[in-house]
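Per our numbering, the sequence shown runs over residues 18 to 275.
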Amino acid sequence: MKKTTVLLVLVFVAFGAFAQDILVLKDGTRIEVVLESISDDEIRYRRYGQVAGPLYSKSRKSVAVIEYENGMVEQFGSTKAVMEITDRNLIGYNYFDLVTLNFAFSYERLLDEEGTVSLYLPIRVGFAQDNSYLEDPNVFGAGLGFNVYPFGQRKVAYYTGAMIHYSLRETYVYADYFDEPTQSWIYESYYDNHNFLGGYVTNGMKLNFNDRLGLNFNLALGFLMDLNYDDPDSQQYYYYSDRTRFHALGEIALFYRF
Numbered sequence: 018m019k020k021t022t023v024l025l026v027l028v029f030v031a032f033g034a035f036a037q038d039i040l041v042l043k044d045g046t047r048i049e050v051v052l053e054s055i056s057d058d059e060i061r062y063r064r065y066g067q068v069a070g071p072l073y074s075k076s077r078k079s080v081a082v083i084e085y086e087n088g089m090v091e092q093f094g095s096t097k098a099v100m101e102i103t104d105r106n107l108i109g110y111n112y113f114d115l116v117t118l119n120f121a122f123s124y125e126r127l128l129d130e131e132g133t134v135s136l137y138l139p140i141r142v143g144f145a146q147d148n149s150y151l152e153d154p155n156v157f158g159a160g161l162g163f164n165v166y167p168f169g170q171r172k173v174a175y176y177t178g179a180m181i182h183y184s185l186r187e188t189y190v191y192a193d194y195f196d197e198p199t200q201s202w203i204y205e206s207y208y209d210n211h212n213f214l215g216g217y218v219t220n221g222m223k224l225n226f227n228d229r230l231g232l233n234f235n236l237a238l239g240f241l242m243d244l245n246y247d248d249p250d251s252q253q254y255y256y257y258s259d260r261t262r263f264h265a266l267g268e269i270a271l272f273y274r275f
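Printed below as a string of structure tokens:
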């Protein structure tokens with residue numbers, strides 16, 4: 018009698034050790050399994066009743082529900098995965114500024130753990146001096162701005178902000194005046210380096226490939242003011258551009274987080 022009781026206990030323990038769970042796939046298929054492990058990418062199991070058999074695996078994306086032997090139910094794919102972005106420093110290279118003949122880099126620092134506010138510092142070095150198709154080509158520029166991310170950092174993150182920007186630019190100056198000693202009209206033109214100050218409202222979007230790399234798109238609209246502008250003297254000296262004008266800056270940049 019004792020031997021029979023011990024044998025029954027061992028049988029119940031064995032069945033308890035290999036309790037039956039059920040995988041419900043997204044196509045509706047139900048598989049009776051003994052779960053081995055669940056990772057971020059896959060679910061590993063053995064067929065129920067074949068605990069000594071081969072080890073199988075299913076992608077988590079293919080599984081809708083796990084019904085555990087104890088009655089608990091776990092659903093998969095009901096919520097979107099959120100990319101975890103924790104690094105607060107970003108450095109980027111602006112490919113778009115090559116169109117305006119500039120090498121442009123930027124540094125951005127997220128100020129809070131949620132990544133909702135940041136400081137932004139762009140630097141632009143121009144190589145378009147004396148170039149005819151650009152108005153007041155940039156020699157050097159640097160800015161300071163702040164950005165607000167209403168929804169924080171995610172795979173696609175929208176932001177808006179404001180920026181001030183200083184730049185040294187080549188300004189085209191020309192003159193026509195009557196020279197009394199020679200009794201003739203003089204025509205001359207030259208380039209002169211002028212200091213400019215700009216103010217912009219920025220709207221942009223970051224596309225994060227992963228927690229390190231991504232693309233940044235933005236458009237900054239505002240004004241650009243020539244700080245060295247002199248009013249024409251008796252209509253003799255002229256500038257190619259106005260003192261203050263509407264201006265825009267754009268960015269398509271590859272960035273790295275660290």
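We put the CB at the ideal spot given by N, CA and C, even for glycine.
Assigned secondary structure, residue i (DSSP; H/G/I helix, E/B strand, else coil)
{"i": "residue 75", "result": "strand"}
{"i": "residue 115", "result": "helix"}
{"i": "residue 92", "result": "strand"}
{"i": "residue 143", "result": "strand"}
{"i": "residue 57", "result": "coil"}
{"i": "residue 258", "result": "coil"}
{"i": "residue 49", "result": "strand"}
{"i": "residue 239", "result": "strand"}
{"i": "residue 218", "result": "strand"}
{"i": "residue 109", "result": "strand"}
{"i": "residue 62", "result": "strand"}
Opposing strand residues paired with residue i [DSSP bridges]
{"i": "residue 233", "result": "223 and 270"}
{"i": "residue 80", "result": "42"}
{"i": "residue 186", "result": "155 and 211"}
{"i": "residue 205", "result": "192"}
Straight-line gap, residue i to residue j (C-alpha atoms, nearest Å)
{"i": "residue 135", "j": "residue 159", "result": "17 Å"}
{"i": "residue 211", "j": "residue 58", "result": "58 Å"}
{"i": "residue 178", "j": "residue 206", "result": "39 Å"}
{"i": "residue 88", "j": "residue 37", "result": "11 Å"}
{"i": "residue 229", "j": "residue 262", "result": "38 Å"}
{"i": "residue 93", "j": "residue 156", "result": "55 Å"}
{"i": "residue 258", "j": "residue 104", "result": "43 Å"}
{"i": "residue 98", "j": "residue 91", "result": "With a pLDDT of 49 at residue 98, under the threshold of 50, the modelled position of that residue is not reliable, and no figure is offered here."}
{"i": "residue 41", "j": "residue 48", "result": "7 Å"}
Proximity of residue i and residue j at Cβ, strictly below 8 Å
{"i": "residue 187", "j": "residue 153", "result": "yes"}
Original post:
If you scan the stretch 119-178 from start to end, which runs of the alpha helix (DSSP H) of 4 or more residues do you find wholly inside it?
Top reply: none
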